[in-house]
Amino acid sequence: MEGDWLLAVHSGAGRYGASNEAAYLSLLRCALESTHRVISSASCPPTAAEMAAHLLQSFELSRLTNAGLGANLTEQGRVECEASVACGETHSVSCCGAVRGVRRPSALALRLLQQATRVEEGDANATFAFGRQPPLVVVGDHARQLARDFGLETATDAELDEFQVTDRAQQHWDKWRRRFRGAETEAEGDEERLDTVGAICMDPRGNVAAALSSGGVALKVPGRLGLAGCPRMGCDAANAVDGRGDGNGSRKRKRSSRGQNKAKNAFAVACTGRGEQFVRSNLVGALARRLARSSDVERALRKAVVESTAANGGRGIEGGVLALRSPPRAWVWASCIVAPMPSPKYK
């Protein structure tokens, strides 16, 4: 897809009412179209990481999905969000978790990534310049203060209910509280919004990125982190390596490192589902290793699932995967993990 961007999104794993299908499809389309407009109108080319995070904006501002506005509530009835961004060009990942009062958690994760990159490049005007270590992972109350420092939209504790708790999320919480206390049984057709919206993208130069955002599972333990709040547990990305080295160093050194410079594919992965199962099994790590070497995305995923199921104690991993692999051609593959089904492929 030389000369073009590749953009792909998912709205999260779970059980959804058929009556909302059109609304979800419209939201997916909105995310893609708004990001395309940003790319088309940009005075200078945006980065893949910026566009991966931007793809999630529509979800984080929607009452339909479990991210940002409308996120699931903890057992105490509070919103705690998490997000991560993976950049293939720098092979860095940034995360925020247990975040309250930040309108767009993925924007905070992106700013952490950008800040760290600026410091590494020697920008003396960076907030964490002069030898200070810029964080790539932040959690809890200070994450909101960092978001304010970055100029992102935030709210105080007193404003949170109006700012981020929707009627739908409150009703969902009330229902699960009643069920938890044994006062109500599960009804057929009930929605269950498990986790995590995600995005992957590749720019015209072959730089790849991935991003996730989530409110976590309903009635989760306060402070709990899922796959979006843990580095490389829910998303990852790496640019292609041509295997010829960087052109520096002696001939002897090049020969000694020849085995380490094998060609690798570019890949990006954005997962969704039961966070603890992804953390326990390290499915993303297994998939990343295979995508970097394999010419067949579907085969790489199936082998990674088998390997990770064993690491998960032989239990199936509930969720889904959105994956990209390139070159020679860019392929996107989407699949439900526990209940395999015919999966769409795009090239």
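Numbers 1 to 347, taken from full-length UniProt numbering, label the letters of the sequence shown in order. Every residue gets a Cβ at the ideal spot worked out from N, C-alpha and C, and that includes glycine. Everything numeric in this text was worked out from a predicted model, so none of it was measured.
Asked	Found
Close beta carbons around Asp-4, own chain, < 7 Å, minus the five adjacent residues each side	Pro-204
Close beta carbons around Thr-309, own chain, < 8 Å, minus the five adjacent residues each side	Ser-281, Arg-315, Gly-316, Ile-317
Distance between His-10 and Glu-298 (C-alpha atoms, nearest Å)	18 Å
Beta-carbon gap between residue 350 and Cys-81 smaller than 8 Å	The displayed coordinates of the chain run from 1 to 347. Any statement about residue 350 would go beyond what the structure contains.
Beta-carbon spacing of Glu-307, Ala-286 below 8 Å	yes
Beta-carbon gap between Val-165 and Leu-73 smaller than 8 Å	yes
Status (buried if at least 16 other CB within 10 Å, exposed otherwise) for Glu-50	buried
First and last residue of the uninterrupted beta strand (DSSP E) at Ile-317	Segment: none, Ile-317 is in no beta strand (DSSP E) and carries neither H nor E.
Length of the line joining the Cα atoms of Glu-60 and Cys-201	18 Å
Arg-293 versus Ala-268: straight-line alpha-carbon distance, rounded	13 Å
CB of Ala-210 within 8 Å of CB of Ala-52, strictly	yes
Distance between Asp-157 and Leu-28 (C-alpha atoms, nearest Å)	31 Å
Cys-81: first and last residue of the uninterrupted beta strand (DSSP E) it sits in	81 to 87
Rounded straight-line distance, which links the Cα of Gly-223 to that of Gln-277	17 Å
DSSP-derived helix/strand/coil call for Thr-309	helix
Cα-Cα separation, Gly-88 to Glu-159	37 Å
Spatially closest choice to Ala-240 from Ser-326, Val-305, His-172, by CA coordinates	Ser-326
Any beta strand (DSSP E) of 3 or more consecutive residues that is wholly inside the stretch 200 to 249	208 to 214, 235 to 238
C-alpha distance - His-172 paired with Cys-230, whole-angstrom precision	25 Å
Own chain, CB closer than 7 Å to Ile-39, minus 5 neighbours either side, in chain order	Trp-5, Pro-46, Met-51
Val-38 (DSSP reduced to helix, strand or coil)	helix
Backbone secondary structure at Ala-71 - three-state DSSP	coil
Chain-order list of residues whose beta-carbon lies under 7 Å from that of Phe-180 (same chain, five-residue window excluded)	Leu-219
Thr-117 (DSSP reduced to helix, strand or coil)	helix
Length of the line joining the Cα atoms of Asp-149 and Ala-31	27 Å
Pair within 8 Å by beta-carbon distance, Thr-196 and Gly-140	no
Pairwise C-alpha distance: Ala-237 and Ser-94	12 Å
Ser-214 and Gly-206 closer than 8 Å at C-beta	no
8 Å Cβ cutoff met for Gly-70 and Ala-147	no
Endpoints, the beta strand (DSSP E) within which Gly-97 is located	92 to 99
Residues sharing a beta bridge with Val-269, DSSP	Asp-236, Ala-323
Beta-carbon separation (whole angstroms), Ser-84 vs Leu-212, contact threshold 8 Å	5 Å
Backbone secondary structure at Gly-259 - three-state DSSP	At Gly-259, the pLDDT of 49 sits below 50, so the modelled position is not reliable; the number obtained from the coordinates is stated separately. Gly-259 falls in the helix class under three-state DSSP.
Buried or exposed by the 16-neighbour rule on C-beta atoms within 10 Å, applied to Gly-273	buried
Candidates Arg-302, Arg-232, Arg-289, of which the one nearest Val-279 by Cα	Arg-232
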